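Beneath this line is the structure, given in structure tokens, with notes to follow.
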């Protein structure tokens, strides 16, 4: 029998290159790369802030005195928000991970969403649209280190209730939406159930934020679009586009959770099993961070567009104002 030529046993390189390109373009790799880039950006901005003199509490003066009952409510909000974050970590990440040996994407989103907290200061990117209470536990803000920031850079970003809300609010609202969808769909059909689930997220956010603003004065919306605001002209005014954008944000999370296939993987995790086993968890966390960053950017981008039409600015108590003598609001 005549032996086969040696070259017949060598695989042609073209399929290998194609497979490599296909692997690099797989959803898990692309989303993880986005997450890695955003994580680096977050570390740079926060790192510069932490090492600067700006990393310090906003000073309180005699003019910042606050009602004792409201202050107690503010401390309660900080404690409750921290507690809810711990419970969310246990329910969505720790418990299922220990039980199944697999970290759910919802749990990884909690961590990814926390990394996106660096975007929070963009709410005041060009003006003072969201006011923060100086009595909250704070270390100022990193606005001065965020590229292109033109708004005030000395106000009290709340550490004990702000970052925890980043962790759990999106996942919690997505859960509400998916439960609403599951219950309503058999009775109303898909289209009406989707509308109802969106409305549920909108209403939940509106009620939650309105209660926080009225009872704790943790924050306020001093500069809003009057025609899209309830209680306009008062310090408790609330822009309805805030709840609209939060509902959109939650709907993106719902879409991700609903996209899971039989293997339990969402659309950002497709291609996971092509990765080495040791890299899969890191890649999934990176993908979750990338997705959370996109959702957060959509929220803040939308808020920025709405805020360009702001026309009602209210006077707030001193404890809700910025302490940046170098910045003055633009008069339109």
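In the working numbering, the protein residues as written are 649 to 980. Quick reminder that beta carbons are idealized off the backbone N, C-alpha and C, glycines included. Here the structure is a predicted model, which is why all the values come from computation and not from measurement.
Below 8 Å CB to CB, which residues in the same chain sit around residue 736 once its five sequence neighbours on both sides are set aside?
Taken in chain order, the residues that qualify are 758, 815, 816, 819, 820.
Cβ-based burial, residue 783 [other Cβ within 10 Å; buried from 16]:
buried
In or out: residue 766 buried (at least 16 other Cβ within 10 Å) or exposed?
buried
Would you mind giving the Cβ-Cβ distance between residue 794 and residue 706, rounded to the nearest angstrom? I have them listed as a contact below 8 Å.
Incorrect: roughly 17 Å between the Cβ atoms, too far for contact.
Spatially closest choice to residue 965 from 781, 683, 762, by CA coordinates:
781
Per DSSP, which residues does residue 806 bridge with? Please list them.
786
Exposed or buried, which one is residue 963 when buried takes at least 16 other CB atoms within 10 Å?
exposed
Work out the CA separation of residue 763 and residue 937 for me, nearest whole Å.
One Cα belongs to residue 937, the other to residue 763, and the distance between them is close to 7 Å.
CA-CA distance, residue 703 and residue 806?
When the Cα atoms are used, residue 703 and residue 806 turn out to be separated by approximately 13 Å.
Whole-Å CB distance - residue 866 paired with residue 722, under 8 Å assumed:
The C-beta distance from residue 866 to residue 722 rounds to 6 Å, short enough to fall under 8 Å.
Go ahead and label residue 943 buried or exposed: buried means 16 or more other beta carbons lie within 10 angstroms of its beta carbon, across all protein chains shown.
With 16 or more Cβ atoms within 10 Å of its Cβ, residue 943 is classed as buried.
Since residue 958 contacts residue 872 with CB under 8 Å, what's their CB separation in whole angstroms?
The Cβ separation is near 6 Å, so the contact holds.
Is the Cβ-Cβ distance between residue 797 and residue 788 less than 8 Å?
Taking 8 Å as the Cβ cut-off, residue 797 and residue 788 do not qualify as a contacting pair.
Residue from 728, 813, 834, 678 whose Cα sits closest to the Cα of residue 853:
The residue with the shortest Cα to Cα distance from residue 853 is 813.
Buried or exposed: where does residue 657 fall if 16 or more other Cβ atoms within 10 Å of its Cβ makes it buried?
Annotation note: pLDDT 47 at residue 657 (below 50); position unreliable, coordinate value reported separately. Taking every protein chain shown into account, the CB of residue 657 has fewer than 16 other CB atoms within 10 angstroms, so this residue is exposed.
Pick out the complete alpha helix (DSSP H) segments inside the stretch 663 to 741, 4 residues or longer, and give them in chain order.
675 to 698, 716 to 737
For a quick check, are the C-beta atoms of residue 801 and residue 972 less than 8 Å apart?
yes
Where the alpha helix (DSSP H) through residue 962 begins and ends:
No alpha helix (DSSP H) contains residue 962, which DSSP labels as neither H nor E.
Do residue 876 and residue 893 come within 8 Å of each other at the CB atom, strictly closer than that value?
Their beta carbons are not under 8 Å apart, which means residue 893 does not touch residue 876 by this criterion.
For residue 843, which of 856, 829, 969 has the nearest alpha-carbon?
Each of 856, 829, 969 was checked against the Cα of residue 843, and the nearest Cα belongs to 829.
Could you please give me the residues that DSSP links to residue 887 through a beta bridge?
Paired residues: 877.
Between the alpha carbons of residue 713 and residue 837, how many angstroms are there, rounded?
53 Å
Mind the definition here: the stretch 922 to 935 touches the stretch 676 to 685 only if three or more C-beta pairs lie below 8 Å; say whether that holds.
yes
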